[in-house]
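Here it is, written out as structure tokens:
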């Protein structure tokens with residue numbers, strides 16, 4: 001039987017709308033597993049999963065680790081520092097070594113765009129992209145979609161503005177693909193120095209004023225502005241960025257609709273988003289994190305060959 | 319003895335304006351006669367060229383042979399063999415080796431290695447600046463005396479306008495071109511063309527402006543100094559427009575374009591294909607169209623492959639990490655016929671002009687002509703032969719080509735240098 005997602009999850013761009021919906025549908029019941037006192041289902045028992053993180057990450061790695069353990073898989077974490085990876089071993093050799101150890105699945109985060117696909121083309125294990133350079137972060141895109149769907153009931157026709165450093169953001173790209181495929185209206189908002197070329201050709205609206213985005217959108221997905229961007233001259237200062245582009249309580253008060261605020265984290269409070277917004281009534285930031293584990297469980301489960309109606313398959317009787 | 323009669327082919331020699339079925343008689347390393355029913359001496363080897371095109375050997379003014387220092391990718395010997403297999407009788411090698419070719423001893427080394435290889439003629443290009451560091455002029459005079467035919471810091475742009483001005487003025491003394499890799503270094507910190515494909519792939523882009531800014535700068539300096547500026551691997555339509563205007567003004571500027579820049583676009587980077595990564599990068603369809611137009615109307619003087627071998631391991635990397643460049647000598651004629659002649663952009667005489675006549679003229683090299691008395695540097699190629707590019711058939715030490723597995727049209731059958739057969743298809747890997 002052909003696996004419903006193929007061998008690897010490299011991004012949302014190659015997926016169809018049906019495949020994305022299937023992942024979200026599969027994630028819904030996995031949310032409930034995380035509410036139990038014994039947070040375990042046997043679906044991936046006996047499977048070996050390696051979390052191969054070339055870039056430091058706490059939130060994403062832990063989220064994947066919980067997802068893997070709640071599915072009863074055996075997990076191993078490899079961080080770049082203190083391993084042969086930092087001794088200059090190539091990605092090709094790393095791939096071959098993993099395959100020789102008969103790893104079932106690899107979750108990879110890497111600084112180079114295309115790294116997940118590179119690995120997936122060279123090993124038989126399932127490869128899940130946990131973020132490759134500025135290319136995609138598909139599980140983040142999926143959990144953002146799930147969060148929006150939970151709140152609004154549907155993605156179709158929803159107006160979502162992705163605000164901030166879209167140019168360097170893999171989260172933004174995954175969101176753009178996922179939202180467009182599910183029928184949302186997508187806009188990006190930020191200074192031109194932080195927006196990539198060609199988005200209009202995809203049907204994305206480009207805005208340069210946060211006030212316009214707030215007027216228009218049902219939801220804002222606010223991206224982190226990194227210190228390096230200021231140092232590299234994309235914006236003159238973080239202070240100016242907050243003054244001109246920051247999502248602040250005052251600006252949100254002028255929103256015509258009951259707008260929701262999302263953020264992939266980690267947040268730079270006081271730069272792209274103010275604390276009273278992040279912690280305020282419009283914020284869906286914590287539900288995003290909860291949904292992250294469920295979405296990752298769904299992805300791992302489906303790639304391992306699980307069928308979407310997993311309850312019957314795995315013998316779970318709750 | 320070495321004398322040859324190449325019989326019955328379509329002999330195209332734009333230098334003399336001739337194009338017709340004829341025999342070509344080569345004696346003692348020179349063109350003896352071109353015509354019909356030429357009386358030949360005894361024991362002369364006869365090569366049947368019916369259905370083939372016979373032309374002055376192709377000349378590529380921009381290749382990289384990686385010797386000294388990076389011989390695992392290519393050597394002067396293997397590169398000269400690859401050139402011969404591609405129908406090239408002469409190539410100019412860029413100096414960005416390790417160490418670089420910035421002094422007379424290094425130039426002499428290249429000359430000697432080329433003689434030992436005994437395949438296509440290899441002409442050294444010396445550095446513009448010592449160490450290619452862009453600060454101080456190399457000794458043009460010494461390098462020319464040792465055999466250099468031009469100067470270039472290719473691999474890098476000459477960022478300092480002051481240095482480029484001085485180089486253009488000083489080069490006038492020796493009558494050599496200064497070949498510039500046109501790229502504003504502060505705008506070029508990317509790995510592919512800046513556009514929708516880069517956005518989708520999450521790769522940093524290099525805008526066309528990075529090249530056009532330096533092209534404009536070099537043209538202004540050419541006007542100021544009257545020196546001969548040769549613009550390497552032109553890739554954008556804006557650059558073509560600038561060069562066209564400069565030539566209309568009568569400036570002493572020449573330009574080259576690679577086969578990949580008149581045949582491939584940035585979509586080839588999809589899937590993170592590192593064999594589509596080079597500098598300057600593959601651009602958009604409109605740029606490809608402009609390069610073809612430029613080759614047609616002479617704005618772009620010649621085809622030059624920028625043959626840039628890289629070891630298999632080096633290209634088996636993440637796209638960001640892979641080095642720039644692809645090989646091109648053995649696929650040039652196949653791409654050119656498929657994408658320039660068969661598409662109606664150029665006729666065969668026009669193609670031979672761009673691949674032989676003009677490069678010889680602008681770099682003042684022997685060859686590029688079949689006039690009586692000229693060196694017997696000849697290519698016989700099959701203009702209609704469809705062939706699939708396979709790594710194992712390539713003579714280059716490296717196989718980094720986006721054309722692997724592609725079907726090309728046209729292939730060299732026989733190449734002679736100084737009347738000696740240096741390549742003959744079907745008689746593979748000869749030493750003679």
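Chains as they are written, first to last, in our numbering: chain W, 1 to 318; chain H, 319 to 750.
Note that beta-carbon positions come from the ideal geometry of N, C-alpha and C, so glycine has one too.
Residue span of the beta strand (DSSP E) that contains residue i, given as start and end
| i | result |
| --- | --- |
| residue 201 of chain W | Segment: none, residue 201 of chain W is in no beta strand (DSSP E) and carries neither H nor E. |
| residue 705 of chain H | 696-706 |
| residue 173 of chain W | Note, residue 173 of chain W: premise wrong, no beta strand (DSSP E); alpha helix (DSSP H) at 170-181. |
| residue 470 of chain H | 468-470 |
| residue 732 of chain H | 725-735 |
| residue 684 of chain H | Residue 684 of chain H -> no beta strand (DSSP E), and no H or E assigned at all. |
C-beta neighbour in chain W for residue i, strict 8 Å
| i | result |
| --- | --- |
| residue 542 of chain H | no |
| residue 366 of chain H | no |
| residue 518 of chain H | yes |
| residue 749 of chain H | Residue placement at residue 749 of chain H cannot be trusted, given a pLDDT of 44 that sits under 50; what the coordinates show is reported in the next sentence. Residue 749 of chain H does not count as touching chain W. |
| residue 635 of chain H | yes |
| residue 552 of chain H | no |
| residue 523 of chain H | yes |
| residue 514 of chain H | yes |
Residue j beta carbon less than 8 Å from that of residue i
| i | j | result |
| --- | --- | --- |
| residue 574 of chain H | residue 551 of chain H | yes |
| residue 366 of chain H | residue 326 of chain H | yes |
| residue 378 of chain H | residue 401 of chain H | yes |
| residue 9 of chain W | residue 20 of chain W | no |
| residue 407 of chain H | residue 388 of chain H | no |
| residue 115 of chain W | residue 91 of chain W | yes |
| residue 410 of chain H | residue 681 of chain H | yes |
| residue 456 of chain H | residue 444 of chain H | yes |
| residue 30 of chain W | residue 304 of chain W | no |
| residue 47 of chain W | residue 105 of chain W | yes |
| residue 601 of chain H | residue 689 of chain H | no |
| residue 663 of chain H | residue 614 of chain H | yes |
| residue 694 of chain H | residue 404 of chain H | no |
| residue 294 of chain W | residue 43 of chain W | no |
| residue 719 of chain H | residue 644 of chain H | yes |
| residue 221 of chain W | residue 155 of chain W | no |
Heavy atom of the ligand PLP within 7 Å of residue i beta-carbon
| i | result |
| --- | --- |
| residue 255 of chain W | For the structure depicted, the ligand PLP is absent and the ligand set is empty, with no information on it obtainable. |
C-alpha distance - residue i paired with residue j, whole-angstrom precision
| i | j | result |
| --- | --- | --- |
| residue 638 of chain H | residue 631 of chain H | 14 Å |
| residue 505 of chain H | residue 570 of chain H | 27 Å |
| residue 53 of chain W | residue 128 of chain W | 12 Å |
| residue 16 of chain W | residue 181 of chain W | 7 Å |
| residue 331 of chain H | residue 667 of chain H | 7 Å |
| residue 740 of chain H | residue 226 of chain W | 59 Å |
| residue 191 of chain W | residue 273 of chain W | 16 Å |
| residue 485 of chain H | residue 175 of chain W | 51 Å |
| residue 454 of chain H | residue 212 of chain W | 53 Å |
| residue 538 of chain H | residue 564 of chain H | 9 Å |
| residue 132 of chain W | residue 660 of chain H | 41 Å |
| residue 67 of chain W | residue 166 of chain W | 28 Å |
| residue 300 of chain W | residue 79 of chain W | 20 Å |
| residue 102 of chain W | residue 125 of chain W | 8 Å |
| residue 316 of chain W | residue 41 of chain W | Since pLDDT at residue 316 of chain W reaches only 49, below the 50 mark, its modelled position is unreliable, and the value read off the structure follows with that caveat. Distance between the alpha carbons of residue 316 of chain W and residue 41 of chain W: 7 Å. |
| residue 172 of chain W | residue 560 of chain H | 38 Å |
| residue 318 of chain W | residue 35 of chain W | Because the pLDDT of residue 318 of chain W is 39, which lies under 50, any placement of that residue in the model is unreliable, and the question is left without a value. |
| residue 186 of chain W | residue 744 of chain H | 59 Å |
| residue 148 of chain W | residue 64 of chain W | 21 Å |
| residue 342 of chain H | residue 428 of chain H | 32 Å |
Bounding residues of the alpha helix (DSSP H) (the contiguous stretch that carries residue i)
| i | result |
| --- | --- |
| residue 288 of chain W | 285-303 |
| residue 99 of chain W | 91-100 |
| residue 494 of chain H | Premise fails: residue 494 of chain H is in no alpha helix (DSSP H) and is neither H nor E. |
| residue 151 of chain W | 138-152 |
Proximity to residue i [Cα-Cα], best of the options
| i | options | result |
| --- | --- | --- |
| residue 625 of chain H | H:392, H:359, H:345 | H:392 |
| residue 650 of chain H | H:615, H:452, H:707 | H:707 |
| residue 336 of chain H | H:360, H:698, H:671, H:597 | H:671 |
| residue 498 of chain H | H:515, H:491, H:536 | H:536 |
| residue 138 of chain W | W:164, W:169, W:122 | W:169 |
| residue 647 of chain H | H:383, H:679, H:519, H:447 | H:383 |
Within-8 Å CB hit, residue i to chain H
| i | result |
| --- | --- |
| residue 80 of chain W | no |
| residue 133 of chain W | yes |
| residue 170 of chain W | yes |
| residue 16 of chain W | no |
| residue 234 of chain W | no |
Residue-level contact to chain A via CB, residue i, 8 Å cutoff
| i | result |
| --- | --- |
| residue 644 of chain H | Note that chain A does not occur in the displayed structure, where the protein chains are W and H. |
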